[in-house]
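Residue numbers (full-length UniProt numbering): 1 to 166.
To start, the structure under review is shown below, and the notes come after it.
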């Protein structure tokens, strides 16, 4: 397995990983209309190309996990105003989960946030009812802090905030 930064030529593979993983993870949590709204907001060709090109403290870009030239997972994050790291997304194709890719992707982002931005804490938001993400993040040392309304659509599942020291 190889982990690398995404390039513009990766946008379609990235879109496939994000949309496939989203659908599988959230099919029983979010409404179909909400899923489509999120796809348009974050995983359209235009948005993915923009997010691959633009990097800042608030958005570090995408890292991809690949094997034999096939993209199997991705992660993206940034820093908050307090100088703490955020994991904004972490997706692994359903057929590739529980093989260490998520851990490797998280370790890559964490190393970047620690070395480049001197982060000492890292946050992640997980949808209430996400039985894939919650156990994963808890195993990685994240602890639940608070539940809040879904920031896109308050009628959907609540967002659970987790934090860990890094």
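We put the beta carbon where it would ideally sit given N, CA and C, even for glycine.
Note that the coordinates shown come from a computational prediction; the quantities given were computed from them, not determined experimentally.
Would residue i pass as a contact of residue j if the rule is Cβ separation under 8 Å?
i	j	result
residue 116	residue 160	no
residue 119	residue 166	yes
residue 93	residue 38	no
residue 43	residue 58	no
residue 61	residue 76	yes
residue 124	residue 162	yes
residue 87	residue 122	yes
Suppose the cutoff is 7 Å on Cβ atoms and the five residues either side in sequence are ignored; what does the same chain contact list for residue i look like?
i	result
residue 11	45, 48, 49 and 52
residue 13	71
residue 35	22, 23 and 26
residue 137	124, 126 and 162
Roughly how many whole angstroms lie between the Cα atoms of residue i and residue j?
i	j	result
residue 31	residue 23	10 Å
residue 229	residue 132	Because the chain spans 1 through 166 in this model, residue 229 falls outside it and cannot be assessed.
residue 140	residue 40	30 Å
residue 142	residue 130	15 Å
Contact defined as beta carbons within less than 8 Å: I believe residue i pairs with residue j. What is the distance between those atoms, to the nearest angstrom?
i	j	result
residue 29	residue 157	5 Å
residue 102	residue 73	7 Å
residue 109	residue 63	6 Å
Give the DSSP bridge partners of residue i, in chain order.
i	result
residue 159	127 and 148
residue 4	64
residue 41	Answer is none; residue 41 lacks a bridge partner.
residue 166	None; residue 166 has no bridge partner.
residue 137	Residue 137 pairs with nothing; no bridge assigned.
residue 121	165
residue 143	163
Please return the same chain residues whose Cβ sits closer than 8 Å to the Cβ of residue i, not counting the five positions on each side in sequence.
i	result
residue 147	128, 158, 159, 160 and 161
residue 2	65, 66 and 67
residue 6	14, 52, 61, 62, 63, 64 and 74
residue 4	63, 64 and 66
residue 54	61
Got a sec? Which residues, its chain only, sit under 6 Å from residue i by beta carbon, not counting five neighbours each side?
i	result
residue 89	76
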